[in-house]
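Residue numbers (my numbering): 259 to 360. To keep things clear, I will list the structure first and then write my remarks on it.
Rendered as structure tokens:
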């Protein structure tokens, strides 16, 4: 039986951060976030239980309404995650984006 890797992190709520710090914490518009599709990249803020954080890119592999699934496209420095780990997130967690040229 395969062991399931338990990820120990929380995702930053970008909307909440932006509302608290509108001049210094920019996030993409809702329209931009809603236009993301499979293959696009979303930047997310990850925090571990000790308060260490990293902003990393996730390539979107699935989209359903306001929720997304993707794979981590960075190798973390501080967090116990690995390039290619699967990540589930919502549009409120997106703090940056890159649209794939079509």
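Beta carbons are placed, not taken as given, at the ideal position from N, Cα and C, and that holds for glycine. The model shown is predicted, which means the values in this text are computed figures rather than measured ones.
Cut-off 6 Å between Cβ atoms - residues of its own chain near residue i, not counting five sequence neighbours on either side
i	result
residue 357	298
residue 276	283, 285
residue 328	316, 317, 318, 319, 345
residue 353	272, 285, 301, 303
residue 349	291, 324
Three-state secondary structure (DSSP) of residue i
i	result
residue 349	helix
Contact set for residue i: own chain, Cβ-Cβ below 7 Å, skip 5 residues either direction
i	result
residue 307	266
CA nearest to the CA of residue i, picked from the options
i	options	result
residue 294	340, 273, 325	325
residue 339	322, 289, 314	314
residue 268	278, 303, 279	303
Presumed contact (8 Å Cβ cut-off) between residue i and residue j, rounded CB distance
i	j	result
residue 334	residue 317	The pair is not a contact, with the Cβ atoms about 15 Å apart (cut-off 8 Å).
residue 351	residue 270	7 Å
residue 301	residue 355	7 Å
Close Cβ partners of residue i (< 8 Å) along its chain, the five nearest in sequence each way excluded
i	result
residue 336	306, 310, 311, 312
residue 359	none
Legend entry - Runs of beta strand (DSSP E) lying entirely within the region 283–354, each at least 3 residues, in chain order: 299–305, 311–322, 325–330, 344–348
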